[in-house]
Amino acid sequence: MAERSDLIELVTEDVNLVEMVESKTPGDARLAMCIQCGTCGGSCPSGPDMDHTPRQIFAMLRAGFRNDVLKSNAPWYCVSCYLCTVRCPQEIRITDLMYTLKRMSVEAGLYEDSTAPDLSGTFMDYVERYGRSFEFGLATRHNIRHRPLSVPGMAPLGLGMLTKGRMDLTPHHIEGVDQLRAILQRAKQLEAVQ
Amino acid sequence: MKTLFYPGCSMQRSARPYLDSLYAIQEDLDLELEEVEDWNCCGATEYMSISRLPAFSLIGRNLALAQQQVNGDASLLAACSACYLNLAKTDHYMLEDTVLGQDINTALEAGGLHYDPGSIEVRHLLDVIMNDIGMDRIAELVTHPLSGLRVAAYYGCMIVRPDLDQRWDDPEYPSGLESLMSTLGAEAIDFPLKTHCCGGHMTQISPPTAFELIRRLVHGAAQYEADVLVTVCPMCQLNLDAYQVEMNKHFRTDYEIPILFVTQLMGLAFGKDPEELGLGREFIDSGPALEKIGVETSDESGEPRKKRKKEEGLPMPPMVGGVR
Numbered sequence: 000m001a002e003r004s005d006l007i008e009l010v011t012e013d014v015n016l017v018e019m020v021e022s023k024t025p026g027d028a029r030l031a032m033c034i035q036c037g038t039c040g041g042s043c044p045s046g047p048d049m050d051h052t053p054r055q056i057f058a059m060l061r062a063g064f065r066n067d068v069l070k071s072n073a074p075w076y077c078v079s080c081y082l083c084t085v086r087c088p089q090e091i092r093i094t095d096l097m098y099t100l101k102r103m104s105v106e107a108g109l110y111e112d113s114t115a116p117d118l119s120g121t122f123m124d125y126v127e128r129y130g131r132s133f134e135f136g137l138a139t140r141h142n143i144r145h146r147p148l149s150v151p152g153m154a155p156l157g158l159g160m161l162t163k164g165r166m167d168l169t170p171h172h173i174e175g176v177d178q179l180r181a182i183l184q185r186a187k188q189l190e191a192v193q
Numbered sequence: 000m001k002t003l004f005y006p007g008c009s010m011q012r013s014a015r016p017y018l019d020s021l022y023a024i025q026e027d028l029d030l031e032l033e034e035v036e037d038w039n040c041c042g043a044t045e046y047m048s049i050s051r052l053p054a055f056s057l058i059g060r061n062l063a064l065a066q067q068q069v070n071g072d073a074s075l076l077a078a079c080s081a082c083y084l085n086l087a088k089t090d091h092y093m094l095e096d097t098v099l100g101q102d103i104n105t106a107l108e109a110g111g112l113h114y115d116p117g118s119i120e121v122r123h124l125l126d127v128i129m130n131d132i133g134m135d136r137i138a139e140l141v142t143h144p145l146s147g148l149r150v151a152a153y154y155g156c157m158i159v160r161p162d163l164d165q166r167w168d169d170p171e172y173p174s175g176l177e178s179l180m181s182t183l184g185a186e187a188i189d190f191p192l193k194t195h196c197c198g199g200h201m202t203q204i205s206p207p208t209a210f211e212l213i214r215r216l217v218h219g220a221a222q223y224e225a226d227v228l229v230t231v232c233p234m235c236q237l238n239l240d241a242y243q244v245e246m247n248k249h250f251r252t253d254y255e256i257p258i259l260f261v262t263q264l265m266g267l268a269f270g271k272d273p274e275e276l277g278l279g280r281e282f283i284d285s286g287p288a289l290e291k292i293g294v295e296t297s298d299e300s301g302e303p304r305k306k307r308k309k310e311e312g313l314p315m316p317p318m319v320g321g322v323r
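Sequences listed follow chains A and B, in order.
Sequential numbering from 0 applies to the first sequence in numbering that gives the first Met the number 0.
Sequential numbering from 0 applies to the second sequence in numbering that gives the first Met the number 0.
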């Protein structure tokens, strides 16, 4: 939580934090409609691992605690199961909002204690390079970088995937990879000016 | 009937048995699958976490290619739940959020493509089986009923939630897969965890979180004495099958619930060859469960199967209620 001395400044600075998060979420996310009932946190399969439940996160957004929200591990523990989204009595698109908070957290460089942004980055590196995902490259690069001690233990799983014909050692290239890159490049440029 | 099809990356490799078994039964189902040419990855749950417009544009390329290929309106079949949701969601949000829709098309123009939101109707395989093909037709196709096989019908998350196109009766406790199993002659258990999360990408980020979610599902299926758990999603299969082994190591448990794709059980009931259906490529051997219905599979070593239970040991008195 923010120190009391930071509070006033934060609140004035981020008075429109709720609107800002909504504007970065596709469609009508209805964040401002939250009634703080807590159905989201109570429904969340990985809720026990979150430092703040979605309900708390939304209260913190209203109170202007930008940095605390963007430092929270909550969005990174979201497994995209949409249970909170379908249960929310106010029809708030909670899962979509969690995606927005992840993006804002990466942009601000504030995320802590999670290798999730790096997993996403590595995943997309391969997709941008080849047009398809590359599981072998992703699993080895991610685990060697973040859990080197677990790598020997992962060998039976990897070997099993290979012998069962369920993993390729080389990536598959799509033909239109230049076209795809041009599209993504334009999208990144557009997003940068927004 | 020609059906436009988006297989997605997982079905090409880690969930290859899903693709193989779908192709094995496509003629029976009167689906003439036609792949979207040169499709790209949908971004799974990863791209949306780090960027917005590029993530939607990545998916937009697939929708644009699909529209170009059919030269008009058509439905697009996806069998992977994550691919299905990404494609359906992008189409839905392009219609709802016109600014986003325009931005996606501005990005697509850089690749000489364009997509008219609403022109492609994205459908999940299970939805097509349930609602288009129908149980009457499936019943006609069954030549080898799966009599005596107890199945935990597992939907996972993304097929029934958020259900933007309102195709399911309930986002938490849907029905449909159970009646499909009954039509195939199997016995569907009343599985309370049928739409609980399999852990998604948590196996890579926070394995203990994933292991607990996997344990709940496998334990639930074991408690109800399911012989197999049937799934409609590559990620669910991978987590519950390959990571069931890792989960067992983590909790020092010895669950052995085989995880099969819906198309594999359909293929068996339609009398297809187990090998053609990709059976025997799962980590938790489905052989012992399938022996119950008279199906013989071989694992890749070709060696005789290990007995599932030790033959030694003291005889145990039967438990009340017939619980093993």
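Even for Gly, the Cβ is constructed at its ideal location relative to N, Cα and C.
So A/Gln-184 contacts chain E; which residues on that side make the cut at Cβ distance below 8 Å? This model lacks chain E altogether; the protein chains it does include are A and B.
Report yes if the CB atom of A/Met-194 is closer than 8 Å to the CB atom of A/Phe-135, and no otherwise. Chain A is shown only over 0 to 193; residue 194 of chain A falls outside these bounds and no answer can be derived.
Short of 6 Å in beta carbon distance, which residues of its chain neighbour B/Leu-145, apart from the five on each side in sequence? Order them along the chain. Leu-183, Gly-184, Ala-185, Ala-268 and Ile-292
Cross-chain neighbours of B/Ala-106 in chain A, by beta carbon under 7 Å: Ile-182, Arg-185, Ala-186 and Leu-189
Use the C-beta contact count for A/Ser-149: other C-beta atoms within 10 angstroms, 16 or more gives buried, fewer gives exposed. exposed
I'd like to know if the segment 214 to 232 of chain B and the segment 189 to 197 of chain B are in contact, where contact means that at least 3 CB-CB pairs between them fall below 8 Å. yes
Say yes only if the C-beta of A/Gly-37 is nearer than 7 Å to one or more non-hydrogen atoms of the ligand FMN, and no if none qualify. Although the ligand FMN was asked about, the structure shown includes no ligands whatsoever.
Positions along the segment 36 to 50 of chain B whose CB lies within less than 8 Å of some CB in chain A: Asp-37, Trp-38, Asn-39, Cys-40, Gly-42, Ala-43, Thr-44, Glu-45, Tyr-46, Met-47, Ser-48, Ile-49 and Ser-50
Could you work out which residues of chain A lie near B/Pro-161, taking near to mean beta carbons separated by less than 8 Å? Tyr-81, Thr-84, Val-85, Arg-92 and Thr-94
Since I believe B/Thr-44 is in contact with B/Ala-81 (beta carbons under 8 Å), could you give me their beta-carbon distance rounded to a whole number of angstroms? 7 Å
Comparing alpha-carbon positions, which option in A/Ser-132, A/Tyr-125, A/Thr-114 and A/Gly-164 lies nearest A/Asn-142? A/Thr-114
If we count the other Cβ atoms within 10 Å of its Cβ and call it buried at 16 or more, is A/Asn-15 buried or exposed? exposed
Neighbourhood of A/Tyr-125 by C-beta, 7 Å cutoff - its chain only, sequence neighbours within 5 removed: Ser-132, Phe-133, Gly-136, Leu-137 and Pro-170
Residues of chain B with a CB under 8 Å from the CB of A/Asp-48: which are they? Ser-205 and Thr-208
Within the chosen definition, does the segment 46 to 54 of chain B reach the segment 18 to 29 of chain B through at least 3 CB pairs nearer than 8 Å? no
Confirm, please, whether the CB-CB distance from A/Tyr-129 to A/Val-85 is below 8 Å. no
What did DSSP end up calling B/Ile-49 once you bin it into helix, strand or coil? helix
Backbone secondary structure at B/Ala-221 - three-state DSSP: helix
For A/Thr-169, the three-state DSSP class (helix, strand or coil): coil
Taking any Cβ of chain A, which residues in the segment 159 to 190 of chain B have a Cβ under 8 Å from it, in chain order? Arg-160, Pro-161, Asp-162, Pro-170 and Glu-171
Assign B/Asp-19 to one of three DSSP states: helix, strand, or coil. helix
For B/His-249, the three-state DSSP class (helix, strand or coil): helix
Verify the CB distance criterion: does B/Ala-241 have a CB-CB separation below 8 Å to chain A? yes
Option nearest B/Ala-65 by Cα separation, candidates B/Ala-87, B/Ala-54 and B/Leu-278: B/Ala-87
Within its chain, find whatever has a CB closer than 6 Å to the CB of B/Met-201; leave out the 5 residues flanking it on each side and keep chain order. Thr-208 and Ala-209
How big is the Cα-Cα spacing for B/Met-246 and B/Met-134? 36 Å
Grab the span of the alpha helix (DSSP H) containing B/Phe-260 for me, first residue to last. No alpha helix (DSSP H) holds B/Phe-260; the beta strand (DSSP E) holding it covers 258 to 260.
Whose C-beta lies closer than 6 Å to the C-beta of B/Met-157 among residues of the same chain, with five residues either side of it excluded? Ser-80, Ala-81 and Leu-84
Examine chain B for any beta-carbon lying closer than 8 Å to the beta-carbon of A/Asp-167, and answer yes or no. yes
Scan the segment 121 to 134 of chain A for residues whose Cβ lies nearer than 7 Å to a Cβ of chain B and list them as they occur along the chain. Phe-122, Met-123, Val-126, Gly-130, Arg-131, Ser-132 and Glu-134
Beta-carbon proximity check, B/Ile-188 vs B/Ala-221, cutoff 8 Å: no
Alpha-carbon to alpha-carbon, A/Tyr-76 and A/Asp-48: 7 Å
Excluding the 5 residues flanking B/Pro-173 on each side, which residues of the same chain have their C-beta closer than 8 Å to its C-beta? Tyr-154, Val-159, Trp-167, Lys-193 and Thr-194
Limits of the beta strand (DSSP E) - the one that B/His-123 falls within: 119 to 123
Nonlocal neighbours in the same chain, by C-beta distance under 7 Å from B/Pro-233, ignoring five residues either side: Ser-9, Met-10, Ser-13, Ala-14, Tyr-17 and Cys-79
Between the Cα of A/Gln-188 and those of B/Asp-29, B/Ile-103 and B/Leu-94, spot the shortest distance and give me the residue it belongs to. B/Ile-103
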